[in-house]
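Enquirer:
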Amino acid sequence: MVYKFLIKKIYILVILSILSIFSVNSVFSAVGATLVGYNGTNANPGPGSNSVSVNLPLGNLYYCTASVNGGSTIVPYFNILVDNSGYSVIGNNTQNSCSYTFNRGGPAGNGNNALIGLTINNYSQYLILDNLTFNFRKSATQSVSFNVNGQNETVFILLAAGSNNGQAGITTVTLPAGCSEINYEEAGPANNPNNAVYAAGCQDLAPGSYSFTFDANVGGPGTTNYASVFVYAFPVFTFELIPSSNLITEIPGKTITDNIQLTQLTGNTPLPVNLSCSTSNTNLGCYLSNNTATPNTTVTLYINSTTSITPGTYTVTINGISENNATNSTTITVNVPQELINVSSNPSSITLSPGSNSSTIITASDNYGDNLNISASCPSPLSCSFSGQNSVIIPSGGSTSLDISVPSSASQGLYIINVTATDIVTNKTQVNVTVVIENINIALNQTSGNLNSGQSISIQVSGTDNLGNNLTLRCLSPSSVTCSPAEVNITSGGSQIFTITAPNVNSYQQYNITFLGIDQVTGLSNISIFTLNVYPYPIIYIISPNNNTKSNYYGLNLTFYTNYPNVNITINGNKYNINVTPGINNIYLRYNNSSNGLPSLYNIIPNGGNISIELSTESYNNIVNSTGIYIYQLPEPVFNVSYTSPTPSNGYISNLWLLQIYGNVYDNTEGIDYCNIQFLNQSNNQWVTISSSTECNDVFYNGLLQEYSKYNGQYYQLYYRIYGYNNYGLYNITPEQVIYFSPNSQNITVINNSLTNNQINNIIQGSINNNIPIVVFPQGIYLVNLNINPQGKNIELLGSGNVLFEPANPGLPVINIESSNVNITNINIQTNLFALRLTNGTVNIYNSNINSGLFGIQVENPSILNIYNSTINGNIGAIYGTGTFQNSTIENSNIQSSVWGIYDNNPENIIINNNNINANIFGIDLDGNAINNTINNNNVDSNIFGIKLNNGYNNYIENNNIDSNIFGIDLGSGNNYILNDLIKVGSVFGLYETNNNYINNVTAYGGIFGLNIYGNASNIYDYNSQLGVAINNNGTINNLTVSTGTIDINYIGSGFINNANSFASSIINNTIQYNFASGILLIGSLNANITFTNIPTGNYIIEKIVGGSGNIISTNNTFSPSGFGIYALYYS
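In this note's numbering, the protein residues as written are 1182 to 2313.
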């Protein structure tokens, strides 16, 4: 279309603005954008600075097209998209206005200006199709091309033309089909304007190439037409609705669903779509899960119907419309089927005997999926029910059991049961069940019998059938009971003899043998039960102790087995009867109060000696068995109490009012022992019990001692003794002892647990300063952080009774020892962090229990640490010596930790003896350079390392029981002694060494490698490891025993398993001279793969020169030994 602009438009801003507001919305619809309105102006203002502006309707986007002429350029107040030398400018703005300024100069014809502004509501993001500038020196027609790609688009075309001098504008614009002018503004003469602006729009252009032309006029010489072009587009949003199923089935009265996929087809911005649905029948309804949705999503369509709907085909239509007026719809076909009910019975025919019952499974289905009511009409005298009910409701496709009972009075014949299935709208379907009454009788000549183990009995079985059909008789017995024959066929009224054989049993057993009669025509069956009672041969024997055992205790624990509950026990000729549970039992003969009502030992052998025991039992059919007579030798009953350390010796003279009395009770009667510690009241010569407990030890001090002491002119004397007794009435009294206290004896410092931490620390330091070597803590809980620094003096923290230290400040050690000499006795410590820190000095710990969340005992600098008869528990380390402790002893204690049981860095002269050590990672870890340490008689249990020795020499690991998952003993150094150790390992190595150590009498159980040995070893035993023993380097292995796995040997040099170098020097084989290289003496049969290494280059043969007649067993340097012999390696 060609538009010719002949009318000069001046000052029509208000009119155009009103028109744009009320008329433009109808121009564009269902597109990428709509034109809300526009406004334009043109003028020829006076000289000087001028401002030009237009206001626009409100909308989403605002575009501005401006031009001037005659020596002045535009200063725009909008964003520039295209600018040609400042004479023609196209841009956009964020505000609803377009404005600019320019400065008019020169002749009167200069300073013409034109401006157009557009307001656009967009539905997508705009695309720039073209932005160009042209400069014309003479009038010309210009063509501009642009492309629409992939989708329909709404396109806007903006033109502007201005000049530097004189006339330069746009006179004629030719647009492509589908496009139309929006506005044109010019300034200057008609048909030859000084400048002009132009706007056009294309509602919905399909993909393709387009072009338009415009005529640019030039007024004369020296004039340049500066033209700007900006073409932009908004992609048109479209969508489609796609159901997951175009055909669905609806059941009356129910709701079904279908998924509707909302998919965007075109456009670069998805828009919300309003959705609705409608149906073709009033009895069919629909609704959507969402009435507004954004494409690419799924909404759910719900379709429901009333029960009044008739079977047939209907439609549901789903419509969608977006805010840019794009529409789409889809239609779904809905099928409402006819209702069908099916009912069946399995089995449909049943044969029963009078007095019996059976059942049949009724299955019913309804294509509507409705629940079904199942009922049955049962002819007399039969009775029918559904689990006791006359009818039952089941879901469609479900089943129920129809129970049928036949009274014993029923006559044989044919009976029809009518079963009806009814749905909610009273449709129903029937099925018939046929019942035939039959009577089968199985009779036994006896219904029970008693047998001994292995005996047999014969049973006559007869069978009759009222229909006269032949029968199959089967004998069904437990697997241990034999019944012969297993199956026979008889005529109705016939019989068969069956033989039943009892199994051998160890206890009374009862078995039910079933005789089954089956009608060979109808399959109906009946049974009769025979009860078999089987009595075992009586078994009784003594498990422990063995006959002629000599006991260390005046008591006898007898373990025995019997398979009968009634047991006679004869003790030194006297018989007693006891009742036990068949199986393993225990009886206990004691000084007093023997078990099972048996006499006490004191009434049998009061002074010890031999006791004879015989056990017997008798079966229900009077078969007797006995153990025979067992003789046991019991010692004389002994109960004795004696003094132990630290009880002072008799007549000891003390300068402190302190007395520790410890006793040991020896009681071979295995009674419960008690001790009374007694002082002599020297006024009336009576003994007074001061302390009573099962512990048999106590601490006495100060006033109590002074109360019972008497001055003899030189000393204060106190007499004491221990009165021990047990629950059997045995007792013993220690010889009385005396202790003398000098007249100037000092009172022992006694701590009260109500004192503060500072007060307790001050009291201890005062005792040290005053040379009072003992501080007593009576029973109780103490909140302390003790800092002890004797500086060579002696101080002992002595607990009396149950004494517990807890931290006053949890962040500090409970006890911090800075120097020698400190004893800690009968003190328990409980803390979440630090229990005892040894900064320096010597500490001795006796009979104490330390429990810490981090380190039980932490040694920071070289110190001496002795621990006896104590329990140390630290979550990270029980005993942890980063600063090393040397010349120390850990003995008779329990050590527990999640990481390190005992860790010491650079230990020297440490004795770890007779302890139980349990740690998750390291049982005992001697790190650094370990010298002259002894680890003996310990039980070590660890998850990774039992005992780890990193470096050092002359360390003894002896007589230990080690249980570890990864490494039992891990040796990283040589010249240590591994003697008489028992190692149990779960996963990898029992003993692992990488240097030559002295190993003798070591036994390993389990693991991948029982032992990895590097050098000399003797008396090595490996049991149940996966790969046996790995032996490396050279040396001698004497007495190697392997139960499973192989021996992997990397042999270097000579002298392996007894040196055999002297047995041969050379040999000629096949005219080739071979020289002797090495030899091995094997004693016993080994499963091994032996390789000689570090030998001269050459050809090799291995001969078995002793025990094998010189036969060649290998032609290289590797061989598998074949039993006892001397194996020699030769090379040429």
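For every residue, glycine included, the Cβ atom is placed at its ideal position computed from N, Cα and C.
For Cys1245, is the beta carbon positioned less than 6 Å from some heavy atom of the ligand PLP?
Expert: By its list of ligands, the structure shown contains no ligand whatsoever, and the ligand PLP lies outside what it can speak to.
Enquirer: Just how far apart, CA to CA, sit Asn1284 and Leu1308?
Expert: Numbered from its first residue, the sequence shown carries residue 1284 at position 103. Numbered from its first residue, the sequence shown carries residue 1308 at position 127. One C-alpha to the other measures close to 34 Å.
Enquirer: Taking just the CA atoms, how far does Ser1526 sit from Leu1697?
Expert: As a working mapping, residue 1697 is identified with position 516 in the sequence shown. As a working mapping, residue 1526 is identified with position 345 in the sequence shown. Looking at the two C-alpha atoms, the distance is approximately 27 Å.
Enquirer: Indicate the three-state DSSP secondary structure (helix, strand or coil) for Glu1888 in the structure shown.
Expert: Within the sequence shown, numbered from 1, the residue matching residue 1888 stands at position 707. Glu1888: helix per DSSP, three-state reduction.
Enquirer: Under 8 Å: do the stretch 1745 to 1755 and the stretch 1864 to 1883 share three or more Cβ pairs, one atom per stretch?
Expert: Too few Cβ pairs lie closer than 8 Å, so no.
Enquirer: Could you check whether Gly1213 and Phe1415 sit closer than 7 Å to each other, using their CB atoms as the reference points?
Expert: Residue numbering aside, residue 1415 sits at position 234 when the sequence shown is read from its first letter. Residue numbering aside, residue 1213 sits at position 32 when the sequence shown is read from its first letter. Yes, they are a contact pair.
Enquirer: Touch check for the stretch 1722 to 1734 and the stretch 1548 to 1557: three-plus C-beta pairs under 8 Å?
Expert: Because the criterion of three Cβ pairs below 8 Å is not met, the stretch 1722 to 1734 and the stretch 1548 to 1557 do not touch.
Enquirer: Closer than 8 Å is the cut-off here; do at least three beta carbon pairs connect the stretch 1292 to 1312 with the stretch 1235 to 1244?
Expert: Yes: at least three Cβ pairs fall under 8 Å.
Enquirer: Of the residues Gly1635, Ile1708, Gln1701, which one's Cα is nearest the Cα of Pro1684?
Expert: In the sequence shown, residue 1684 corresponds to position 503, counting from 1. That would be Gly1635, whose Cα lies nearest to the Cα of Pro1684.
Enquirer: Ile1976 and Ile1949 look like a contact to me (Cβ under 8 Å); what is the Cβ gap, rounded to whole Å?
Expert: Mapped onto the sequence shown, residue 1976 falls at position 795. Mapped onto the sequence shown, residue 1949 falls at position 768. Going by Cβ atoms, the distance from Ile1976 to Ile1949 rounds to 5 Å, so yes, they are a contact pair.
Enquirer: For Leu1446, count neighbouring Cβ atoms within 10 angstroms of its own Cβ and tell me buried if that reaches 16, exposed if not.
Expert: One-based indexing of the sequence shown puts residue 1446 at position 265. Classification of Leu1446: exposed, given that the 10 Å Cβ count is below 16.
Enquirer: Rank Asn2054, Gln1348, Asn2219, Tyr1304 by C-alpha distance to the C-alpha of Gly1401 and give the top, closest one.
Expert: Against the sequence shown, residue 1401 aligns to sequence position 220. It is Gln1348.
Enquirer: Using a Cβ-Cβ cutoff of less than 7 Å, which residues in the same chain neighbour Pro1146 once the five nearest sequence positions on both sides are dropped?
Expert: Nothing about residue 1146 can be reported from this structure: the residues present for the chain run from 1182 to 2313 only.
Enquirer: Is Ser1926 closer than 7 Å to Asn1836 when the C-beta atoms are compared?
Expert: Here residue 1836 corresponds to residue number 655 of the sequence shown, with the count starting at 1. Here residue 1926 corresponds to residue number 745 of the sequence shown, with the count starting at 1. Yes.
Enquirer: So Phe1327 and Leu1310 are supposed to be a Cβ contact under 8 Å. How far apart are they, rounded?
Expert: On the sequence shown, residue 1327 is found 146 positions in, with the first residue counted as 1. On the sequence shown, residue 1310 is found 129 positions in, with the first residue counted as 1. With a Cβ gap of about 4 Å, Phe1327 and Leu1310 count as contacting.
Enquirer: Just to confirm, is the Cβ distance from Ile2060 to Ile2026 under 7 Å?
Expert: On the sequence shown, residue 2060 is found 879 positions in, with the first residue counted as 1. On the sequence shown, residue 2026 is found 845 positions in, with the first residue counted as 1. Cβ distance not < 7 Å, so Ile2060 and Ile2026 don't count as in contact.
Enquirer: Assess, as a yes-or-no matter, whether the stretch 2064 to 2084 is touched by the stretch 2039 to 2052 under the definition of 3 or more beta carbon pairs within less than 8 Å.
Expert: With a cut-off of 8 Å, the stretch 2064 to 2084 and the stretch 2039 to 2052 count as touching, because enough Cβ pairs lie within range.
Enquirer: Just reading off the beta strand (DSSP E) that Asn1303 is part of, what are its end residues?
Expert: Position 122 of the sequence shown, counted from the first residue, corresponds to residue 1303. Element bounds for Asn1303: 1294 to 1303.
Enquirer: For chain C, is any of its Cβ atoms less than 7 Å away from the one on Leu1737?
Expert: In summary, chain C is missing from the structure at hand, where a single protein chain is found.
Enquirer: What does a CB cutoff of less than 6 Å around Ile1765 pick up in its chain, not counting 5 residues either side in sequence?
Expert: Within the sequence shown, numbered from 1, the residue matching residue 1765 stands at position 584. Closer than 6 Å at Cβ, skipping near neighbours: Tyr1742.
Enquirer: For the beta strand (DSSP E) containing Ser1823, name the first residue and the last one.
Expert: What you label residue 1823 is simply residue 642 of the sequence shown in a count that begins at 1. Ser1823 -> beta strand (DSSP E) spans 1820 to 1825.
Enquirer: Take Gly2133 and list the residues in its own chain whose beta-carbon comes closer than 6 Å to its own, dropping the five residues that flank it on each side.
Expert: Along the sequence shown, read from residue 1 onward, the residue named residue 2133 stands at position 952. Result list for Gly2133: Asn2110, Ala2111, Ile2112, Ser2154, in chain order.
Enquirer: When we look at the beta-carbon of Arg1318 and count the other beta-carbons within 10 Å, is it buried (16 or more) or exposed?
Expert: Taking the first residue of the sequence shown as 1, we reach residue 1318 at position 137. By the neighbour-count rule (16 or more Cβ atoms within 10 Å), Arg1318 is not buried but exposed.
Enquirer: Can you round the beta-carbon distance between Asn1294 and Ser1344 to whole angstroms, since I take them to be within the 8 Å contact cut?
Expert: In the sequence shown, residue 1294 corresponds to position 113, counting from 1. In the sequence shown, residue 1344 corresponds to position 163, counting from 1. With a Cβ gap of about 12 Å, Asn1294 and Ser1344 do not count as contacting.
Enquirer: Could you tell me the distance, in whole angstroms, from the CA atom of Asn1788 to the CA atom of Tyr1718?
Expert: On the sequence shown, residue 1788 is found 607 positions in, with the first residue counted as 1. On the sequence shown, residue 1718 is found 537 positions in, with the first residue counted as 1. Going from the Cα of Asn1788 to the Cα of Tyr1718 covers about 39 Å.
Enquirer: Would you identify the three-state DSSP class for Asn1449, choosing helix, strand or coil?
Expert: Counted from its first residue, the sequence shown places residue 1449 at position 268. The answer is coil: DSSP assigns Asn1449 none of H, G, I, E or B.
Enquirer: Quick one: what does DSSP say Ser1204 is sitting in, helix, strand or coil?
Expert: The count along the sequence shown starts at 1 and reaches residue 1204 at position 23. Below a pLDDT of 50, predicted positions are generally treated as unreliable, and Ser1204, at 29, falls in that range; the measurement from the model is reported next regardless. The answer is helix: DSSP assigns Ser1204 an H, G or I state.
Enquirer: For Leu2221, is the classification buried or exposed, using 16 other Cβ atoms within 10 angstroms of its Cβ as the cut-off for buried?
Expert: Here residue 2221 refers to the residue found at position 1040 of the sequence shown. Buried, by the Cβ-count rule.
Enquirer: Counting only the same chain and skipping the five closest in sequence on each side, list residues whose C-beta sits under 7 Å from that of Pro1763.
Expert: Position 582 of the sequence shown, counted from the start, is the residue given in the question as residue 1763. Cβ within range, chain order: Ser1688, Thr1743, Asn1744, Tyr1745, Pro1746.
Enquirer: Buried or exposed for Glu1917, going by 16 or more other Cβ atoms inside 10 Å?
Expert: Within the sequence shown, the letter at position 736 stands for residue 1917. Classification for Glu1917: exposed.
Enquirer: Give the straight-line distance between the Cα atoms of Ile1853 and Val1984, rounded to the nearest whole angstrom.
Expert: For this step, residue 1853 is matched to residue 672 along the sequence shown. For this step, residue 1984 is matched to residue 803 along the sequence shown. Between Ile1853 and Val1984, the C-alpha separation is close to 25 Å.
Enquirer: Going straight from the alpha carbon of Val1497 to that of Ala1358, what length do you get?
Expert: The residue given as residue 1497 occupies position 316 in the sequence shown. The residue given as residue 1358 occupies position 177 in the sequence shown. If I take the Cα positions, the gap works out to 40 Å.
Enquirer: May I ask which residues mark the beginning and end of the alpha helix (DSSP H) holding Asn1943?
Expert: Numbered from its first residue, the sequence shown carries residue 1943 at position 762. It spans 1938 to 1950 - the alpha helix (DSSP H) in which Asn1943 sits, taken as one unbroken run.
Enquirer: So who's on the other strand from Lys1731, going by DSSP bridges?
Expert: Here residue 1731 corresponds to residue number 550 of the sequence shown, with the count starting at 1. Note: Lys1731 sits in a beta bridge opposite Gln1814.
Enquirer: Taking its Cβ as the centre, do 16 or more other Cβ atoms sit within 10 Å of Lys2165, making it buried, or is it exposed?
Expert: On the sequence shown, position 984 is the one that residue 2165 refers to. So Lys2165 ends up on the buried side.
Enquirer: Which residues in the same chain have their Cβ closer than 8 Å to the Cβ of Ile1721, if we skip the five residues on either side of it in sequence?
Expert: Within the sequence shown, numbered from 1, the residue matching residue 1721 stands at position 540. Contacts found: Phe1741, Tyr1742, Thr1743, Asn1744, Tyr1745, Val1748, Leu1796, Ser1797, Thr1798, Asn1806, Ser1807, Thr1808.
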